Amino acid sequence: MARLTGSLCVIYERTAIRSNARGNVNAASMLGEKSYEVVASSRRTINGAVPTLKVTRLYDKRVIYPFCGCPDMPLFDDPQSAKNFAEVYGWQLVKGDIAVPE
0 MARLTGSLCV IYERTAIRSN ARGNVNAASM LGEKSYEVVA SSRRTINGAV PTLKVTRLYD
60 KRVIYPFCGC PDMPLFDDPQ SAKNFAEVYG WQLVKGDIAV PE
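When you number the sequence shown by this note's numbering, it's gap-free, plus one each residue, and the end is 101.
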């Protein structure tokens with residue numbers, strides 16, 4: 000395997016990650032928080048600012064949040080507080096997914 004070129008090594012590593020993700024429930028913990036994307040923002044409403052959040056597991060492109068039936072985000076007075084809340088909540092979801100993957 001050491002004689003493989005760089006591009007073939009990358010393909011091999013991606014294949015290994017996919018097979019581990021299917022065959023090993025602990026794959027998320029092996030890859031850690033680097034294998035997730037947390038996108039936090041906020042949107043203005045008449046009453047204040049509402050956080051927006053999307054959490055994606057990168058190695059299998061699975062959207063962790065939002066999911067069907069997820070609770071509504073709370074209302075905040077300013078957009079920065081809403082964004083901060085969304086970011087903290089997103090990383091909590093990542094830690095939960097690493098601890099207990101689907």
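We put the beta carbon where it would ideally sit given N, CA and C, even for glycine.
Only a predicted model underlies this, so the values are computations on that prediction, with no experimental measurement involved.
Run through the DSSP bridge pairs and tell me what residue i is partnered with.
i: F75; result: A48
i: V54; result: V37 and Y64
Please list the terminal residues of the continuous beta strand (DSSP E) segment that includes residue i.
i: Y35; result: Y35 to R43
i: V62; result: R61 to Y64
Which whole-angstrom value is the C-beta distance of residue i and residue j, which I expect to be below 8 Å?
i: V99; j: M72; result: Going by Cβ atoms, the distance from V99 to M72 rounds to 23 Å, so no, they are not a contact pair.
i: S41; j: P78; result: 4 Å
Cβ-heavy atom distance between residue i and the ligand ZN below 7 Å?
i: D77; result: In the structure shown, the ligand ZN is absent, as is every other ligand, since no ligand is present at all.
Three-pair Cβ contact test at 8 Å for the region 51-59 versus the region 85-94: yes
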